[in-house]
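Chains as they are written, first to last, in my numbering: chain V, 22 to 181; chain P, 338 to 1007.
This is the structure:
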């Protein structure tokens, strides 16, 4: 092989490698995109079934029910218009409380009792007056005013 | 009584003018920085020596005033001067003294002040250790660093002044974010910032090379120790962050691919590439424009990290600033720095001529591969971190990229790197030979393979091909790094091994340790979330965790619930772990402190969940084999960087022609 040919071969292999890497990367990327939905979007049927996504909203007051003998917990996530029951097995984060904005990761399942979100991970912010911008956004009415409960009105934009 | 009154009077008087003095010091620092940025550069252009010489005193002045401002802010925290709104937001009278001092960098404004103070320290260091550098180069470097500093000082004074006052003065402050009230977090941000900011030196050298048109072996040799030290700090900072998250978040994980973690990881990856390509530029006089491009990229990534964390655009646990005005400023600043330097690069870089030729099967060829892998890995992280922001901005929906993406992409991109690392020392510059490489490393390879097969077998777990491959490669890196040291030591004496060789070998050995840790921890970890009443126990990986109940105690500024968990194996009690749940009184925030039984080969980890009905609690149990290896590996890498900085050839820069120097270069060979 002439040096020129060898160089061409090297560059060709390099390009092939890069193309393969990019293809793998894009595939992994596509499989792991997690979309965000609010409870009313889910209830309107916008969220996909059988695919993992994120659900964000406020934990409805008085809705948290724990099982007596296991780590199963049920609660209702709500936004301005609608709400959706969520089940989860495991330990909830420190800042999980009724009235708090949280984000749950999981899948939608539709049973006899309607839609149910089965969460495999629940996140709450580690700061009582900070809320995920996505949740804050989803809690706005069409006119831009927030429908968060009083006392949490300026939760979305903390100074520091 | 009169004494107390006098103290109160003095305090109210100091509180009246001290913060204003701090603000004033910031303004003075800014004006000196403008001087430092403009005059020396003009001096270089017009050839006025006196103007170029102004860079040093201006840098010293800038540092002094920033230090004064920083000390004043610290004082305001110590005496709880709540007329300063930043203090009132991030501290209170119950906060222990150590955390009051560290609260200075606990939020946006103060951490920015720390950032510029560090930039000024690096500038000072360059000013002091650059006596042997050509005058024009020093002047340009200091001037470029001044320009960066102007951007940050303006940002601070215009959008986030730490000395802003508030009246009426509140009687009590709020609180330092309880997440930050931990010894690990006292030093994590300063280390990280030292790394971020340290890349500004490499950046300034790169810009100076573009402006001056000089990029040779000497230039690379001046730039290397600075880059290595920045890289070392960044490594330590990331490691401390990971260690802290493990103990403090109560999730038992050490890396979450959280956007803020990624923000610090991208400059690290590019910085690692830079450290290696600088070696090629120094030794072989090639990869010149590539090195400059990497230096620009590494610093841009550091700026991007600041932008991502500070502008609050990220969906992340860490982000604490949500202010569009700040975001726009940083974005503008970022655009000027990146656009300006890339523009300069496009204009000037074609002037650099390679002074050597590269064959592929040689050390420089392999280092090029290393650079490709590192940069592609950085790009993969970049895409995963920034695509959600882009999609949001373009109304493609609100989405995020899950950790599995990073894991899938990262493993195939980094394992080949470990394979390359093993060849680092054994392959010659210019033209390597397969047969000599094989001759030198066949026993190392065989031994590594054997160790790789034995290790998972010792773990008594089911094993996969990937685990064996990763562990073998890790041993390959470790053994070949040791081989280099033993070879040199036995031939020419241990004391004659240059610091650079020690550094490189130690860092590569550390990488091996790190890879073993990551592999085994991800393959053989076990976890269990359980519900336990006092007296009940649960089993995990052959260990018995018995919940004894809880006790309460009051800390200085929090109330704590402490669980007592006895861990035993067989009939032998191993330890009593005490995971805590703290409620910080000031704002009612809850925090988890995990109870950990650390051993070199495994961690047992318990974190307290929530109280359930009756006396029962939810508990999270983890078994994490070789968890310590992850941090130990990172620590060794940082230590390697530290040693490499002290190579003797960096201490006599500029005297390339002397025989001694040549000898030292040939000797070190890194």
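From the three backbone atoms N, C-alpha and C, an ideal C-beta is built for every residue, glycine too.
Residue-level contact to chain P via CB, residue 41 of chain V, 7 Å cutoff: The residue labelled residue 41 of chain V in the question sits at position 20 within the first chain. Chain P, which has no Cβ nearer than 7 Å to the Cβ of residue 41 of chain V, makes this no.
Contacting positions in the segment 43-57 of chain V - beta carbon closer than 8 Å to chain P: From the segment 43-57 of chain V, only 45, 46, 49, 50, 52, 53, 54, 55, 56, 57 have a Cβ closer than 8 Å to chain P.
Cβ of residue 30 of chain V within 7 Å of any chain P Cβ: As a first step, residue 30 of chain V must be located in the first chain, where it is residue number 9. Not one chain P Cβ lies under 7 Å of residue 30 of chain V.
Of the residues P/458, P/756, P/918, the one placed nearest residue 956 of chain P, counting alpha carbons only: Working through the second chain from its first residue, we reach residue 956 of chain P at position 619. Cα-wise, what sits closest to residue 956 of chain P is P/918.
Beta strand (DSSP E) runs wholly inside the segment 721-757 of chain P, at least 3 long, in chain order: 736-738
Interface residues of chain P facing residue 89 of chain V [CB-CB closer than 7 Å]: In the first chain, the residue the question calls residue 89 of chain V occupies position 68. 950, listed in chain order.
Between the CA atoms of residue 705 of chain P and residue 646 of chain P - distance to the nearest angstrom: Taking the second chain and counting its residues from 1, one reaches residue 646 of chain P at position 309. Taking the second chain and counting its residues from 1, one reaches residue 705 of chain P at position 368. Rounded to the nearest angstrom, the two C-alpha atoms are 31 Å apart.
Contact residues within the segment 951-966 of chain P, judged by C-beta distance below 7 Å to chain V: 955, 957
Counted within 10 angstroms of its Cβ, other Cβ atoms place residue 383 of chain P as buried (16 or more) or exposed: Taking the second chain and counting its residues from 1, one reaches residue 383 of chain P at position 46. Looking at its Cβ environment, which holds fewer than 16 other Cβ atoms inside 10 Å, residue 383 of chain P is exposed.
Residue range of the unbroken alpha helix (DSSP H) whose run includes residue 530 of chain P: Here residue 530 of chain P refers to the residue found at position 193 of the second chain. Going by DSSP, residue 530 of chain P is part of the alpha helix (DSSP H) stretching over 520-549.
Within 7 Å, strictly: CB atoms of residue 107 of chain V and residue 98 of chain V: Counting from one through the first chain, the residue named residue 107 of chain V turns up at place 86. Counting from one through the first chain, the residue named residue 98 of chain V turns up at place 77. Yes, Cβ-Cβ distance for residue 107 of chain V and residue 98 of chain V is below 7 Å.
Contact check, residue 103 of chain V vs residue 61 of chain V, beta carbons under 7 Å: Residue mapping note: residue 103 of chain V aligns to position 82 of the first chain, counting from 1. Residue mapping note: residue 61 of chain V aligns to position 40 of the first chain, counting from 1. For residue 103 of chain V and residue 61 of chain V, yes; Cβs fall inside 7 Å.
Minimum Cβ-Cβ distance from residue 123 of chain V to chain P less than 7 Å: Along the first chain, one-based indexing puts residue 123 of chain V at 102. Answer no: the Cβ-Cβ gap between residue 123 of chain V and chain P never drops below 7 Å.
Alpha-carbon to alpha-carbon, residue 497 of chain P and residue 503 of chain P: Here residue 503 of chain P corresponds to residue number 166 of the second chain, with the count starting at 1. Here residue 497 of chain P corresponds to residue number 160 of the second chain, with the count starting at 1. Between the C-alpha atoms of residue 503 of chain P and residue 497 of chain P there is a straight-line separation of about 14 Å.
Test: residue 103 of chain V CB closer than 7 Å to a CB of chain P: Working through the first chain from its first residue, we reach residue 103 of chain V at position 82. With its beta carbon at least 7 Å from every one in chain P, residue 103 of chain V lies outside the interface.
Given residue 696 of chain P as reference, the closest of P/953, P/617, P/814 once Cα atoms are compared: Along the second chain, read from residue 1 onward, the residue named residue 696 of chain P stands at position 359. Selection P/953, P/617, P/814 evaluated against residue 696 of chain P yields P/617 as nearest (Cα-Cα).
For residue 611 of chain P, the nearest candidate out of P/567, P/600, P/582 (CA to CA): Against the second chain, residue 611 of chain P aligns to sequence position 274. The candidate whose alpha carbon is nearest that of residue 611 of chain P is P/567.
Candidates P/764, P/850, P/973: closest to residue 777 of chain P by CA position: Taking the second chain and counting its residues from 1, one reaches residue 777 of chain P at position 440. Measuring from the Cα of residue 777 of chain P, the nearest candidate turns out to be P/764.
Residue burial classification, residue 353 of chain P (beta-carbon count within 10 angstroms, cutoff 16): As a first step, residue 353 of chain P is located in the second chain; it is residue number 16 there, counting from the start. It counts as exposed.
Close-in-space but distant-in-sequence residues of the same chain around residue 446 of chain P (CB under 6 Å, 5 per side omitted): The residue you call residue 446 of chain P lines up with position 109 of the second chain. Cβ within range, chain order: 423, 497, 499.
Neighbourhood of residue 565 of chain P by C-beta, 7 Å cutoff - its chain only, sequence neighbours within 5 removed: Residue numbering aside, residue 565 of chain P sits at position 228 when the second chain is read from its first letter. Listed in chain order, the non-local C-beta contacts of residue 565 of chain P below 7 Å within the same chain comprise 612, 978, 981, 982, local neighbours out to five positions each way being set aside.
CA-to-CA distance, residue 119 of chain V to residue 82 of chain V, given in whole angstroms: Here residue 82 of chain V corresponds to residue number 61 of the first chain, with the count starting at 1. Here residue 119 of chain V corresponds to residue number 98 of the first chain, with the count starting at 1. Looking at the two C-alpha atoms, the distance is approximately 5 Å.
DSSP state of residue 482 of chain P mapped onto helix, strand, coil: Along the second chain, read from residue 1 onward, the residue named residue 482 of chain P stands at position 145. Residue 482 of chain P: helix per DSSP, three-state reduction.
Proximal chain P residues relative to residue 92 of chain V, where beta-carbon distance stays under 9 Å: Along the first chain, one-based indexing puts residue 92 of chain V at 71. Correct list: 866, 867, 868, 946, 949, 955.
CB contact below 7 Å: residue 147 of chain V versus chain P: Numbered from 1 along the first chain, position 126 holds the residue referred to as residue 147 of chain V. Low confidence applies here, because residue 147 of chain V scores a pLDDT of 49, under 50, leaving its location unreliable and the question unanswered by this model.
7 Å Cβ cutoff, residue 898 of chain P in contact with chain V: Taking the first residue of the second chain as 1, we reach residue 898 of chain P at position 561. Not one chain V Cβ lies under 7 Å of residue 898 of chain P.
Chain-order list of residues whose beta-carbon lies under 7 Å from that of residue 871 of chain P (same chain, five-residue window excluded): In the second chain, residue 871 of chain P corresponds to position 534, counting from 1. Same-chain partners within the cutoff: 884, 885, 886, 952.
Complete runs of the alpha helix (DSSP H) confined to the segment 393-437 of chain P [at least 4 residues]: 422-427
Exposure of residue 850 of chain P, with buried meaning 16 or more beta-carbon neighbours within 10 Å: Numbered from 1 along the second chain, position 513 holds the residue referred to as residue 850 of chain P. Buried, by the Cβ-count rule.
Whole-angstrom distance between residue 466 of chain P and residue 366 of chain P, CA atom to CA atom: Locating residue 366 of chain P in the second chain gives position 29, where the first residue counts as 1. Locating residue 466 of chain P in the second chain gives position 129, where the first residue counts as 1. Using only the alpha carbons, I get a separation of about 22 Å.
contact_flag[the segment 437-451 of chain P, the segment 402-421 of chain P] where n(CB pairs < 8 Å) is 3 or more: Output reads yes: the segment 402-421 of chain P touches the segment 437-451 of chain P.
Simplified DSSP assignment, three categories, for residue 877 of chain P: Locating residue 877 of chain P in the second chain gives position 540, where the first residue counts as 1. Reduced to three states, the DSSP call for residue 877 of chain P is strand.
Three-state secondary structure assigned by DSSP to residue 562 of chain P: Position 225 of the second chain, counted from the first residue, corresponds to residue 562 of chain P. The answer is helix: DSSP assigns residue 562 of chain P an H, G or I state.
Cβ contact check for the segment 747-765 of chain P and the segment 817-837 of chain P: 3 or more pairs under 8 Å: Taking 8 Å as the limit for Cβ pairs, the verdict is that the segment 817-837 of chain P does touch the segment 747-765 of chain P.
Cross-chain neighbours of residue 100 of chain V in chain P, by beta carbon under 7 Å: Taking the first chain and counting its residues from 1, one reaches residue 100 of chain V at position 79. Chain P residues near residue 100 of chain V: none, gap ~14 Å exceeds 7 Å.
Start and end residues, alpha helix (DSSP H) containing residue 85 of chain V: Mapped onto the first chain, residue 85 of chain V falls at position 64. Residue 85 of chain V -> no alpha helix (DSSP H), and no H or E assigned at all.
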